[in-house]
Amino acid sequence: MMTIERNKTATFDVDPQYTFTTECPNELPVAGGTEIVNALNQQAKLARLRV
48 MMTIERNKTA TFDVDPQYTF TTECPNELPV AGGTEIVNAL NQQAKLARLR
98 V
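Per the working numbering, the sequence shown starts with residue 48, numbered consecutively.
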């Protein structure tokens, strides 16, 4: 099992823009685009830095 040390960990969110959600239908909407928000926020709690 891997141990995550908060002091030595950063999360890297790759391009999670609001424009990729159905909230912006005239942009680049992706069905289910908002479904990753909670997962990204939970992962960020495990890290000292969020990039």
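Backbone N, C-alpha and C define an ideal beta-carbon position, used for all residues, glycine too.
Return the first residue and the last residue of the alpha helix (DSSP H) that residue i is part of.
i, result
"residue 87", "84 to 91"
If you check the beta carbons only, do residue i and residue j fall under 9 Å apart?
i, j, result
"residue 54", "residue 95", "yes"
With DSSP run on the structure shown, which of helix, strand or coil describes residue i?
i, result
"residue 97", "strand"
"residue 58", "strand"
Can you find the residues in the same chain that come closer than 6 Å, C-beta to C-beta, to residue i, ignoring five residues on each side of it along the sequence?
i, result
"residue 91", "58 and 97"
"residue 52", "none"
By Cβ distance, which residues of its chain are closer than 7 Å to residue i, with the 5 residues on each side in sequence left out?
i, result
"residue 102", "With the chain represented from 48 up to 98, any question about residue 102 goes unanswered, as that position is not in the structure."
Rounded to whole angstroms, what's the CA-CA distance from residue i to residue j? Just pull it up for me.
i, j, result
"residue 61", "residue 85", "15 Å"
"residue 87", "residue 65", "14 Å"
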